[in-house]
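Please read the structure below before turning to the comments.
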Amino acid sequence: MPIKAMLMALSVAVIWGINMLTVKGAVGEIPPFMLTAIRFAAVAILLVPFARMPRGRLGKLAIISVTFGSLHFGVLFYALSMIDAGPVAIIILLGVPFSSMLATYFFNDRLGWKRLSGMALAFIGVTIMFWDPTMTDLQLPLLLVVFAAFMWAVANVMIKKLGDINTFQLNGWMAVMAAPQLLILSLIFEPNAYQAVLTASWVAWANLSFTVVMSSIVAYGFWYHLLKTQDVNMVVPWSLLAPVISVLGSFLVFDETFSILKIIGGIVVLCGVGVIMLRKPVHRKVQGMD
């Protein structure tokens, strides 16, 4: 890739890697559903004025707002409130093999033995991390991260089926619909959320601002631009730097501990996801279809 594109890809990886840490810091003060609601509300305020209403697609965007907004981000932030950022950054990569699995059904992709091997490695790596003795009491949040990864894959399929749509339209109007859902969840499950928002420190608000501006707008803007202008197989592997940055950052910032099983499991997951990302899907022709 050109130097400019490489710098953009590196910037995305760094921003996403740091973002996992900022979210972890923010959910320590603001309850996760309320935090996610504020995040989407802020994204909507910043983007909707510059994005026309996608008429004819609001119904599909509403469904995406549930899968991507509430069931991915909401559940992910909730899990982060209970578990270290390092394991979450690795396990959430299961969204890649989940996406490959869904693509075989919805887009007629054929996996091939190399991509199947990568998927197997990714799931084996996560299983190894689950075996870690320090994770014994954290099975529920770990499973929630796996669920959030699957919802990310489902949302990807829905976005692809949505067709060509402006990034601001997608993110902005989806955020308009996701924010009320998460606010309702917060009102039901987080009775002290309002007080927590009022008493949150400037550090929590700085973390949230980074998530809204740098991750949701800048990083995704760069990412979609790269996917449109560069070879996808040259762009996507850069995202593997993000969890590495998150894991190193969680050790330095939050003093998280890493056991042998966590390290081995994380490396196996990264290798498996790397194999999947570097393999181009093979499309099969379907009789009777163009």
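Be aware that the sequence shown starts at 0, since it is given in numbering that gives the first Met the number 0, and climbs by one per residue.
Note that beta-carbon positions come from the ideal geometry of N, C-alpha and C, so glycine has one too.
Note that the structure is a prediction, hence the values are computed from the model and not measured.
Item to complete: Following the continuous alpha helix (DSSP H) through Ala218, name the residue where it begins and the one where it ends.
Response: Position 219 of the sequence shown, counted from the start, is the residue given in the question as residue 218. It is not in any alpha helix (DSSP H) - Ala218 carries neither H nor E in the DSSP assignment.
Worksheet item: Does the beta-carbon distance from Leu34 to Val42 come in below 9 Å?
Response: Taking the sequence shown and counting its residues from 1, the one referred to as residue 34 is at position 35. Taking the sequence shown and counting its residues from 1, the one referred to as residue 42 is at position 43. Going by beta carbons, Leu34 and Val42 fall outside the 9 Å limit.
Worksheet item: Taking the alpha-carbon positions, what's the Ala121 to Phe167 distance?
Response: One-based indexing of the sequence shown puts residue 121 at position 122. One-based indexing of the sequence shown puts residue 167 at position 168. Each residue's alpha carbon lies about 32 Å from the other.
Worksheet item: Once you ignore the five residues that flank Phe105 on each side, which residues in its own chain have a CB closer than 7 Å to its CB?
Response: Locating residue 105 in the sequence shown gives position 106, where the first residue counts as 1. Correct list, in chain order: Val156.
Item to complete: Between the Cα of Val212 and those of Ile89, Gly264, Met5 and Ile17, spot the shortest distance and give me the residue it belongs to.
Response: On the sequence shown, residue 212 is found 213 positions in, with the first residue counted as 1. The option with the nearest alpha carbon to Val212 is Ile17.
Item to complete: Starting from Met118, follow the alpha helix (DSSP H) in both directions and report where the run begins and ends.
Response: Here residue 118 corresponds to residue number 119 of the sequence shown, with the count starting at 1. Element bounds for Met118: Gly111 to Trp130.
Worksheet item: Quick one: is Ala199 buried, meaning 16 or more other Cβ sit within 10 Å of its Cβ, or exposed?
Response: Looking up residue 199 in the sequence shown gives position 200. It is buried - the Cβ of Ala199 has at least 16 other Cβ atoms within 10 Å.
Worksheet item: What residues in its chain sit with their C-beta under 6 Å from that of Phe67, if we drop five residues either side in the sequence?
Response: If you number the sequence shown from 1, residue 67 lands on position 68. Cβ within range, chain order: Ala154.
Practice prompt. Could you give the DSSP three-state label for Ala199: helix, strand or coil?
Written response: Here the question's residue 199 lines up with position 200 in the sequence shown. Residue state, collapsed to three classes: coil.
Practice prompt. Within 10 angstroms of the Cβ of Thr256, are there 16 or more other Cβ atoms? Answer buried if so, exposed if not.
Written response: Taking the sequence shown and counting its residues from 1, one reaches residue 256 at position 257. In the assembly as shown, Thr256 is an exposed residue. Its beta-carbon has fewer than 16 other beta-carbons within 10 Å.
Item to complete: For Glu189, collect the residues of the same chain with a Cβ closer than 7 Å to its Cβ; drop the 5 residues on either side in sequence, then sort them by chain order.
Response: Counting from 1 along the sequence shown, the entry for residue 189 is found at position 190. Result list for Glu189: Pro30, Phe32 and Met33, in chain order.
Item to complete: Reducing DSSP to helix, strand and coil, say where Ala50 ends up.
Response: Taking the first residue of the sequence shown as position 1, residue 50 is located at position 51. Correct three-state label for Ala50: coil.
Fill in: Same chain, Cβ closer than 8 Å to Pro96, five either side skipped, listed in chain order
Taking the sequence shown and counting its residues from 1, one reaches residue 96 at position 97. Closer than 8 Å at the Cβ level, and outside the excluded window around Pro96, lie Gly117, Met118, Ala121, Phe122, Gly271, Val272 and Ile275.
Worksheet item: Taking Ile44 as the reference, which of Ala218, Leu247, Ala205 and Gly171 has the closest Cα?
Response: Within the sequence shown, residue 44 is the residue found at index 45, counting from 1. Selected option, being the one with the closest Cα: Gly171.
Discussion item. Contact between the region 133–147 and the region 5–21 is defined here as three or more beta-carbon pairs at a separation below 8 Å; is this criterion met?
Written reply: Not touching, per the Cβ criterion.
Practice prompt. Return the CA-CA distance between Ile183 and Ala36, expressed in angstroms with no decimal places.
Written response: The residue given as residue 183 occupies position 184 in the sequence shown. The residue given as residue 36 occupies position 37 in the sequence shown. Whole-angstrom Cα-Cα distance: 9 Å.
Practice prompt. Under the assumption that Leu260 contacts Met52 (Cβ atoms under 8 Å), give the Cβ distance between them as a whole number of angstroms.
Written response: Position 261 of the sequence shown, counted from the start, is the residue given in the question as residue 260. Position 53 of the sequence shown, counted from the start, is the residue given in the question as residue 52. The Cβ separation is near 49 Å, so there is no contact.
Worksheet item: When the distance is taken between beta carbons, is Ser249 closer than 9 Å to Gly85?
Response: As a first step, residue 85 must be located in the sequence shown, where it is residue number 86. As a first step, residue 249 must be located in the sequence shown, where it is residue number 250. Yes, these two residues count as a Cβ contact at 9 Å.
Worksheet item: How long is the line joining the alpha carbons of Ser302 and Ile90, rounded to whole angstroms?
Response: In the structure as shown, the chain begins at 0 and stops at 289. Residue 302 is therefore absent and cannot be evaluated.
Worksheet entry | Ordered list of alpha helix (DSSP H) runs contained in the region 4–41, each at least 4 residues | Complete alpha helix (DSSP H) runs here, min 4: none at all.
Discussion item. Rounded to whole angstroms, what is the Cα-Cα separation between Met233 and Tyr223?
Written reply: Walking along the sequence shown from the start, residue 233 turns up at place 234. Walking along the sequence shown from the start, residue 223 turns up at place 224. Using only the alpha carbons, I get a separation of about 13 Å.
Worksheet item: So, Met176 versus Leu75, is the Cβ gap smaller than 9 Å?
Response: Here the question's residue 176 lines up with position 177 in the sequence shown. Here the question's residue 75 lines up with position 76 in the sequence shown. Taking a C-beta distance under 9 Å as the contact criterion, Met176 and Leu75 do not qualify as a contact pair.
Fill in: Separation of Ala205 from Leu70, as counted between CA atoms
Taking the sequence shown and counting its residues from 1, one reaches residue 70 at position 71. Taking the sequence shown and counting its residues from 1, one reaches residue 205 at position 206. Leu70 and Ala205: Cα-Cα distance of roughly 25 Å.
Worksheet item: Between the beta-carbon of Ala4 and the beta-carbon of Leu225, is there less than 9 Å?
Response: Taking the sequence shown and counting its residues from 1, the one referred to as residue 4 is at position 5. Taking the sequence shown and counting its residues from 1, the one referred to as residue 225 is at position 226. Yes, they are a contact pair.
Discussion item. Measuring alpha carbon to alpha carbon, tell me which residue in Lys227, Ile262 and Leu92 is nearest Ala147.
Written reply: Residue numbering aside, residue 147 sits at position 148 when the sequence shown is read from its first letter. Residue Leu92 is the option with its Cα nearest to Ala147.
Discussion item. If you reduce the DSSP assignment to three classes, tell me which class Pro96 lands in.
Written reply: By one-based count along the sequence shown, residue 96 stands at place 97. The answer is helix: DSSP assigns Pro96 an H, G or I state.
Discussion item. I'd like to know whether the C-beta of Val274 is nearer than 9 Å to at least one C-beta of chain D.
Written reply: Of the protein chains in this structure there is only one, and it is not chain D.
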